[in-house]
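**Q** Mind looking over this structure? Questions follow.
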Amino acid sequence: MKLSPRNSEEPDVNLTPMIDVVFLLLLFFMVSTSFIRESSLKVDLPEATGQALVEQEQAIDIVINSDGQFVVNTITLDSPSNEQLAAVLKKAVGENTDPHIIISADANAEYQNIVTAMDTAQQLGYTRLTLATRQTTSKQP
Numbered sequence: 048m049k050l051s052p053r054n055s056e057e058p059d060v061n062l063t064p065m066i067d068v069v070f071l072l073l074l075f076f077m078v079s080t081s082f083i084r085e086s087s088l089k090v091d092l093p094e095a096t097g098q099a100l101v102e103q104e105q106a107i108d109i110v111i112n113s114d115g116q117f118v119v120n121t122i123t124l125d126s127p128s129n130e131q132l133a134a135v136l137k138k139a140v141g142e143n144t145d146p147h148i149i150i151s152a153d154a155n156a157e158y159q160n161i162v163t164a165m166d167t168a169q170q171l172g173y174t175r176l177t178l179a180t181r182q183t184t185s186k187q188p
């Protein structure tokens with residue numbers, strides 16, 4: 048008995064829809080990615096200890112109010128530019144090469160003002176930054 052050979056064609060796999068989906072995902076991620084260069088911020092976090100620490104040097108205080116007003120030690124700046132803030136910081140620091148800078152911001156202050164203060168300090172080469180906060184009082188029943 049003679050059997051006729053069956054046509055054994057391999058099925059075609061259509062990859063076009065999968066390639067379309069991959070390109071759409073690639074396009075989505077490219078559009079949603081932020082290409083703005085964000086400066087790295089180094090923050091010197093304070094260590095918590097039970098004893099009071101003696102401050103060996105005078106810290107530079109930057110206070111940021113909710114209305115955008117900056118106070119560097121005793122000098123008040125209303126919505127300063129980076130150059131104005133840098134000039135006041137240089138004046139307040141004096142000859143100290145690596146001052147301790149404490150940034151105290153109002154809870155309702157714009158975050159952009161805080162980042163501006165941190166970026167300005169970093170651009171001047173000051174790396175010892177501390178963000179001041181207050182400890183919350185938790186009431187337990």
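For what it's worth, our numbering labels the leading residue of the sequence shown as 48, then goes sequentially.
Cβ atoms here follow ideal geometry from the backbone N, Cα and C, with glycine treated the same way.
Treat the numbers as computed from the prediction; the structure is a model and nothing was measured.
1. Quick one: any contact between the region 129-140 and the region 162-178, if contact means 3 or more CB pairs under 8 Å?
2. For the alpha helix (DSSP H) containing residue 168, list its first residue and its last residue.
3. Where does residue 179 land, buried or exposed, given buried means 16+ other C-beta within 10 angstroms?
4. To which residues does DSSP link residue 181 through a beta bridge?
5. Measure the C-alpha to C-alpha separation of residue 161 and residue 153 and round it to an integer number of angstroms.
6. With a threshold of 6 Å on Cβ separation, who are the neighbours of residue 110 within its own chain once the five nearest residues in sequence on each side are excluded?
7. For residue 34, which residues does DSSP report across the bridge?
8. Can you say whether residue 68 is buried or exposed, counting buried as having 16 or more other CB atoms within 10 angstroms of its CB?
**A** According to the structure data:
1. yes
2. 158-170
3. exposed
4. Paired residues: none, contrary to the question.
5. 10 Å
6. 118 and 151
7. The requested residue 34 is not part of the displayed model; the chain covers only 48 to 188.
8. exposed
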